[in-house]
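In UniProt numbering, the protein residues as written are 1 to 342.
Heads up, the thing below is written out as structure tokens.
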Ligand code: ATP
Ligand code: MG
Ligand code: FE
């Protein structure tokens, strides 16, 4: 079964072709990050317009790269939500227009399910059940995953997402947008003993997170500087921030594994690309005897491959999940644990 995947929930346009026999045949991505950089964040209207510009050329590129004909596609999967309404509408209309033209069924995919299943695209995929830590720009959730569509929420952030905390703290340090990768690189040169930042909810009895206080703590440290912050100071603050967030994320993952008795941990979402987080989780895995799985680096942040793959997984379980119903609607807000049905 060959599935075309279309992702357009935020500021990346992603297209991909996934075949259940042959795997990922092609994928193409355009990131709008340069365009949004000067505004310090994603401008929704600019994002929608740019998806319109990019979608068709990327679509043609994946067909060209894979060598398959348009008509060979069995179904078209697109990100239906959550995300920016205007941006989602572009992907949905391309998917449904193409479905109508080619007489192929379409299905809407939950963006977070895409992230959650993305480690299954790696060369050594985890088996179900597993604990998933979803750490992206908009979400921080711990979930128990028993299969495709079987997601039980164990805990989530009460305020900022981990990626958001990275981005906002990076902005306070003048490191540009999105700041996750920049603050992480800067932290490598920081002195871990220079500053100590709080570990929010580290000792709470549940699996929830809170990161807005950590960002405020960074703000306080920055404001307390009497002179201009030098590069070394920035690195020291970055280091303190990364150490704090990594310690909390690692500890909660370990607790989730302990509570459920599971031995497999899957990391998904953009912050999963973070090397300090990976090092800390790998060390915990060796010490506590569990296994940790990551998506390929290029599939940590938004992409079309994870949407094509999630579509294919759903269709394998229920071939009727895709429909020749082209009257699309998008779901800018859409809780993941509401999609139990396949
Ligand atoms: P969501 O999926 O919740 O709607 P999103 O799609 O914007 O949000 P992703 O694309 O999964 O999120 O991830 C983007 C986030 O990942 C940004 O906040 C970015 O700063 C962060 N990020 C990317 N690489 C790294 C890194 N190496 N270290 C830390 N954070 C990173
Ligand atoms: Mg993005
Ligand atoms: Fe995402």
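Just so it is clear, CB atoms sit at the ideal spot from N, CA and C, and this is done for glycine as well.
Quick caveat: nothing in here was measured; it's all calculated off a predicted structure.
Measuring alpha carbon to alpha carbon, tell me which residue in 43, 39, 323 and 116 is nearest residue 337. Sequence index remark: in the chain shown, residue 337 carries index 337 (1-based). Nearest of 43, 39, 323 and 116 to residue 337, Cα basis: 116.
Give every residue of the same chain whose Cβ lies closer than 6 Å to the Cβ of residue 100, excluding the five residues on either side of it in the sequence, and list them in chain order. Within the chain shown, the letter at position 100 stands for residue 100. Closer than 6 Å at the Cβ level, and outside the excluded window around residue 100, lie 326.
Under the rule that 16 or more other beta-carbon atoms within 10 Å means buried, what is residue 300, buried or exposed? Counting from one through the chain shown, the residue named residue 300 turns up at place 300. That one is buried.
Can you find a heavy atom of ligand 2 that lies under 8 Å from the Cβ of residue 94? Along the chain shown, one-based indexing puts residue 94 at 94. No, since every heavy atom of ligand 2 falls outside the 8 Å radius drawn around the Cβ of residue 94.
If we ignore side chains and look at the alpha-carbon of each, how far apart do residue 193 and residue 154 end up? Within the chain shown, the letter at position 193 stands for residue 193. Within the chain shown, the letter at position 154 stands for residue 154. Rounded to the nearest angstrom, the two C-alpha atoms are 33 Å apart.
Report the residue ranges of all alpha helix (DSSP H) runs contained in full by the segment 265-332; include only those spanning at least 4 residues, in chain order. 275-288 and 305-317
Could you give the C-beta distance for residue 311 and residue 77, rounded to a whole number, given that I count them as a contact under 8 Å? Taking the chain shown and counting its residues from 1, the one referred to as residue 311 is at position 311. Taking the chain shown and counting its residues from 1, the one referred to as residue 77 is at position 77. 3 Å between Cβ atoms; contact.
If you measure from the CB of residue 115, is any heavy atom of ligand 3 nearer than 8 Å? Locating residue 115 in the chain shown gives position 115, where the first residue counts as 1. Because some heavy atom of ligand 3 lies under 8 Å away, the Cβ of residue 115 counts as near it: yes.
With 16 other Cβ atoms within 10 Å as the buried cut-off, status of residue 128: Here residue 128 corresponds to residue number 128 of the chain shown, with the count starting at 1. Looking at its Cβ environment, which holds fewer than 16 other Cβ atoms inside 10 Å, residue 128 is exposed.
Can we say the segment 279-291 touches the segment 244-252, given the rule of at least three CB pairs closer than 8 Å? yes
With distances taken from CA atoms, which of 148, 97 and 178 is nearest residue 137? For the purposes of this step, residue 137 is taken as residue 137 along the chain shown, with counting starting at 1. Nearest of 148, 97 and 178 to residue 137, Cα basis: 178.
Terminal residues of the continuous alpha helix (DSSP H) containing residue 169? Looking up residue 169 in the chain shown gives position 169. Residue 169 -> alpha helix (DSSP H) spans 162-172.
Report the residue from 12, 11, 10 and 26 whose alpha carbon sits nearest the alpha carbon of residue 3. Numbered from 1 along the chain shown, position 3 holds the residue referred to as residue 3. Comparing Cα-Cα distances from residue 3 to each of 12, 11, 10 and 26, the minimum goes to 26.
Kindly provide the chain-ordered list of residues whose Cβ lies closer than 5 Å to any non-hydrogen atom of ligand 5. With respect to small molecules bound, the structure shown includes ligand 1, ligand 2 and ligand 3 and not ligand 5.
Skipping 5 residues on each side, what residues in its chain have a beta carbon closer than 8 Å to that of residue 208? To locate residue 208, count along the chain shown from 1; it is residue 208. Excluding positions up to five away in sequence, the list reads 155, 156, 157, 158 and 201.
Closer than 8 Å: is that where the CB of residue 31 sits relative to any heavy atom of ligand 2? Taking the first residue of the chain shown as 1, we reach residue 31 at position 31. Flag set: Cβ of residue 31 near ligand 2.
Do you know whose CA, among 73, 144, 251 and 30, lies nearest residue 102's CA? Translated into the one-based positions of the chain shown, residue 102 becomes position 102. Comparing Cα-Cα distances from residue 102 to each of 73, 144, 251 and 30, the minimum goes to 73.
Any heavy atom of ligand 2 closer than 8 Å to the beta-carbon of residue 37? Taking the first residue of the chain shown as position 1, residue 37 is located at position 37. False, no ligand heavy atom lies under 8 Å from that Cβ.
Please indicate yes or no: does the CB of residue 12 lie closer than 8 Å to some heavy atom of ligand 2? The count along the chain shown starts at 1 and reaches residue 12 at position 12. Indeed, a heavy atom of ligand 2 lies less than 8 Å from the Cβ.
Going by CA-CA distance only, name the one from 267, 308, 284 and 305 that's closest to residue 294. The residue given as residue 294 occupies position 294 in the chain shown. With distances taken between Cα atoms, residue 294 lies closest to 267.
Continuous beta strand (DSSP E) stretch holding residue 106: start and end: Locating residue 106 in the chain shown gives position 106, where the first residue counts as 1. It spans 106-110 - the beta strand (DSSP E) in which residue 106 sits, taken as one unbroken run.
Who does residue 157 pair with in a DSSP beta bridge? The sequence position of residue 157 within the chain shown is 157, counting from 1. Its beta-bridge partners are 209.
Excluding the five sequence neighbours on either side, which residues of its own chain have a C-beta within less than 8 Å of the C-beta of residue 197, listed in chain order? Counting from 1 along the chain shown, the entry for residue 197 is found at position 197. Cβ within range, chain order: 214, 217, 218, 221, 240, 241, 243 and 244.
Segment contact, 8 Å Cβ cut-off, at least three pairs: the segment 44-53 with the segment 303-321: no
Would you give the residue range spanned by the alpha helix (DSSP H) that residue 243 belongs to? For the purposes of this step, residue 243 is taken as residue 243 along the chain shown, with counting starting at 1. Start and end: 231-260.
Ligand 3 and residue 111: does any heavy atom of the ligand fall closer than 8 Å to the residue's C-beta? Here the question's residue 111 lines up with position 111 in the chain shown. Under cutoff, so the answer is yes.
Beta carbon of residue 238 nearer than 9 Å to that of residue 170: The residue given as residue 238 occupies position 238 in the chain shown. The residue given as residue 170 occupies position 170 in the chain shown. Yes; because the gap between Cβ atoms is below 9 Å, this pair is in contact.
Within the same chain, show all residues whose beta-carbon is closer than 8 Å to that of residue 17, passing over the 5 residues directly before and after it, in chain order. Against the chain shown, residue 17 aligns to sequence position 17. Excluding sequence neighbours, residue 17 sits near 2, 3, 4, 5, 24, 25, 26, 27, 62, 63, 66, 68, 73 and 308.
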